[in-house]
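Visitor: Under the UniProt record's numbering, think of the first position of the sequence shown as 1, with each following residue one higher. Backbone N, C-alpha and C define an ideal beta-carbon position, used for all residues, glycine too.
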Amino acid sequence: MPSFPLSSTLQERALRVAVLTTSFPLTTTAVSGTFVKRLIQNLPPSVEATAIAPSGIESEQLPTNANYQIRCFRYAPRSWQQLAHQPGGIPATLKQRRIFYLLLPVFLGSMFLACLRTARNVDLIHANWSINGVIAGIAAWFTGKPIITTLRGQDVNRSRSSRVYRIILGLCLRLSNHVVAVSDSIRFLAVQQFPTQNNKFTVIHNGVDQCFLDIGARRQQTDSQTLRLITVASLIPLKGVEQIIQAVNLLKNEIDLNLTIVGNGPEKEKLQNLTKLFELHKKISFTGNIAPSEIPAYLEKADIFILASHSEGRPNVLLEAMAAGLPIIATNIPGTQEIVQNGKTGILFPPKSIERLADALRRLSQNASLRQQLAKNARRFILDQGLFWTHTSSRYAELYRQILS
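What follows is the structure, given as structure tokens:
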């Protein structure tokens, strides 16, 4: 691992880290990049973090008593600042509204300047996602600061089918002193494409907050005859929410159930219209955008959690549902395979398979003891693996020190 000399001054003070990200919750109800916020929130006092993030269309509501700082960069008039912080991130925004490609050069330039200014006053740069790793890597070259990049999933997944994403990933790996993958599958896919960068990788899994574990500890078996389903996802095609609605439609005359869809996105109107078409408006509810602090309450009221994504990195919401003591039904994709063991900690089904999802729901609806056992095993998995944000952040802090030691 490349190392940089740890000065005597640094040994006597907190380590200063700039955390570059295109997703970060800038308002009390924002869900964009919540996991990045959790990471820096839980860093030990020996690390002082400054998040660098793009401004959004709303005025920022920055915390006054947080243990970290935020520096937001502007890249357009506020009403035009819609590239980041949207459901599905920048790629989904560009796909939906191609005119925003015109903003991309200004966005990247503004991000680079913000990173360069901040990098001069920190000891290390921590970028999230490969494109930010490239920007931070160039800033690190100018300032002589080391850089860590965390790969979180979709950037690596897209590199398999997109030449542009593959070039970005390759540049990111070359410019980074060290690379963190949030799952073993992400590391495998990246190293498979760039085997010479293998020695730069560490796998550090994301964690969950204690409040989700508390839900699991106090969860009681319900006497309700209605099976309460929940999914938490951005309403974009990649998340497969349409398939969940179609599965509920298949079962509407067999099982007494309802579905709560937590999340927002460009597909919301289409999904609501589909619900009306199937006459499921009494069985399916849409919460819209809710604050991250409200999600535990929704999970506590549910009986089964469904994740129907076609592709994922390592979905945090799945870990939170497992910690909350919910039986899991999830798609059989690389991002979930290392979390959910089929038949033990949940049930896996093929992506886009409405019939197999319906079969899984039918099976769990008929077997309360199986639901209880899957939920118990899922929560035990979180505990046994030590998947807590405090542990995750401590590992990052240790890695920062190793690179600077």
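Which of the three DSSP states is assigned to residue 406 in this structure?
Guide: Residue 406 cannot be examined here, being either before or after the span of the chain that is shown, 1 to 405.
Visitor: Following the continuous beta strand (DSSP E) through residue 16, name the residue where it begins and the one where it ends.
Guide: The residue you call residue 16 lines up with position 16 of the sequence shown. From DSSP, the beta strand (DSSP E) with residue 16 extends over 15-20.
Visitor: List, from N- to C-terminal side, the alpha helix (DSSP H) runs of 4 residues or more that fit wholly inside the UniProt domain "Glycosyl transferase family 1" (223-380).
Guide: 241-251, 268-277, 295-300, 316-323, 334-337, 354-365
Visitor: Answer yes or no: do residue 399 and residue 93 have a C-beta to C-beta separation smaller than 8 Å?
Guide: On the sequence shown, residue 399 is found 399 positions in, with the first residue counted as 1. On the sequence shown, residue 93 is found 93 positions in, with the first residue counted as 1. Taking 8 Å as the Cβ cut-off, residue 399 and residue 93 do not qualify as a contacting pair.
Visitor: Would you please state the rounded distance, in angstroms, between the beta carbons of residue 17 and residue 178? I believe it to be under 8 Å.
Guide: Numbered from its first residue, the sequence shown carries residue 17 at position 17. Numbered from its first residue, the sequence shown carries residue 178 at position 178. With a contact defined as Cβ atoms closer than 8 Å, residue 17 and residue 178 miss out at about 13 Å.
Visitor: For residue 142, which three-state DSSP category applies?
Guide: Along the sequence shown, read from residue 1 onward, the residue named residue 142 stands at position 142. Three-state result, residue 142: helix.
Visitor: For the stretch 109-169, list the beta strand (DSSP E) runs that are entirely contained and at least 3 residues long, ordered along the chain.
Guide: 124-128, 147-151
Visitor: If distances are taken between C-alpha atoms only, which option among 69, 215, 240 comes closest to residue 122?
Guide: Taking the sequence shown and counting its residues from 1, one reaches residue 122 at position 122. Between residue 122 and the set 69, 215, 240, the nearest pair of CA atoms involves 69.
Visitor: Is it buried or exposed for residue 396, if we count other Cβ within 10 angstroms and need 16 for buried?
Guide: Here residue 396 is taken as the residue at index 396 of the sequence shown, counted from 1. Residue 396 comes out buried.
Visitor: Pick from 102, 164, 210: whose alpha carbon is nearest that of residue 386?
Guide: Numbered from 1 along the sequence shown, position 386 holds the residue referred to as residue 386. Here the closest residue by C-alpha is 210.
Visitor: For residue 134 versus residue 168, is the C-beta spacing smaller than 8 Å?
Guide: Here residue 134 corresponds to residue number 134 of the sequence shown, with the count starting at 1. Here residue 168 corresponds to residue number 168 of the sequence shown, with the count starting at 1. Yes, they are a contact pair.
Visitor: For residue 31, name the three-state secondary structure that DSSP assigns.
Guide: Residue mapping note: residue 31 aligns to position 31 of the sequence shown, counting from 1. Residue 31 falls in the coil class under three-state DSSP.
Visitor: If you drop the 5 nearest sequence neighbours on each side, which residues of the same chain put their C-beta closer than 7 Å to that of residue 198?
Guide: As a working mapping, residue 198 is identified with position 198 in the sequence shown. Only 191 meet the Cβ criterion.
Visitor: Return helix, strand or coil for residue 71, following the three-state DSSP convention.
Guide: Along the sequence shown, read from residue 1 onward, the residue named residue 71 stands at position 71. In the structure shown, residue 71 sits in a strand (DSSP, three-state: E or B).
Visitor: Is it a yes or a no for the stretch 104-122 touching the stretch 257-277, going by three-plus beta-carbon pairs under 8 Å?
Guide: no
Visitor: Leaving out the 5 sequence neighbours to the left and right, which residues in its chain are closer than 8 Å to residue 391 when beta-carbon positions are compared?
Guide: Residue numbering aside, residue 391 sits at position 391 when the sequence shown is read from its first letter. Same-chain partners within the cutoff: 207.
Visitor: With residue 54 and residue 72 assumed to form a contact (beta carbons below 8 Å), what rounded beta-carbon distance in angstroms separates them?
Guide: Counting from one through the sequence shown, the residue named residue 54 turns up at place 54. Counting from one through the sequence shown, the residue named residue 72 turns up at place 72. Right, their Cβ atoms sit about 7 Å apart.
Visitor: Counting only the same chain and skipping the five closest in sequence on each side, list residues whose C-beta sits under 6 Å from that of residue 324.
Guide: By one-based count along the sequence shown, residue 324 stands at place 324. Taken in chain order, the residues that qualify are 212, 215, 216, 299.
Visitor: Can the beta-carbon of residue 247 be found less than 8 Å from the beta-carbon of residue 358?
Guide: Working through the sequence shown from its first residue, we reach residue 247 at position 247. Working through the sequence shown from its first residue, we reach residue 358 at position 358. Contact: yes.
Visitor: Candidates 137, 145, 104: which alpha carbon is nearest residue 409's?
Guide: An answer regarding residue 409 cannot be provided, because it is not within the stretch 1 to 405 covered by the chain.
Visitor: Please classify residue 37 as buried or exposed, where buried requires at least 16 other C-beta atoms within 10 Å of its C-beta.
Guide: Start at 1 with the first residue of the sequence shown, and residue 37 comes out as number 37. Label assigned to residue 37: buried.
Visitor: Assign residue 84 to one of three DSSP states: helix, strand, or coil.
Guide: Reading the sequence shown from its first residue, position 84 is the one you call residue 84. The answer is coil: DSSP assigns residue 84 none of H, G, I, E or B.
Visitor: Does the count of Cβ pairs from the stretch 13-31 and the stretch 39-59 closer than 8 Å reach three?
Guide: A contact between stretches requires three or more CB pairs, one per stretch, nearer than 8 Å, and the stretch 13-31 meets this requirement with the stretch 39-59.
Visitor: Decide if residue 350 is buried, meaning its Cβ has at least 16 other Cβ atoms within 10 Å, or exposed.
Guide: As a position in the sequence shown, residue 350 is number 350, starting the count at 1. Sixteen is the threshold: since fewer than 16 other Cβ atoms of the shown chains lie within 10 Å of the Cβ of residue 350, the residue is exposed.
Visitor: With DSSP as the reference, identify every bridge partner of residue 53, one or two as the case may be.
Guide: The count along the sequence shown starts at 1 and reaches residue 53 at position 53. DSSP, once it has assigned bridges, lists 72 as partnering residue 53.
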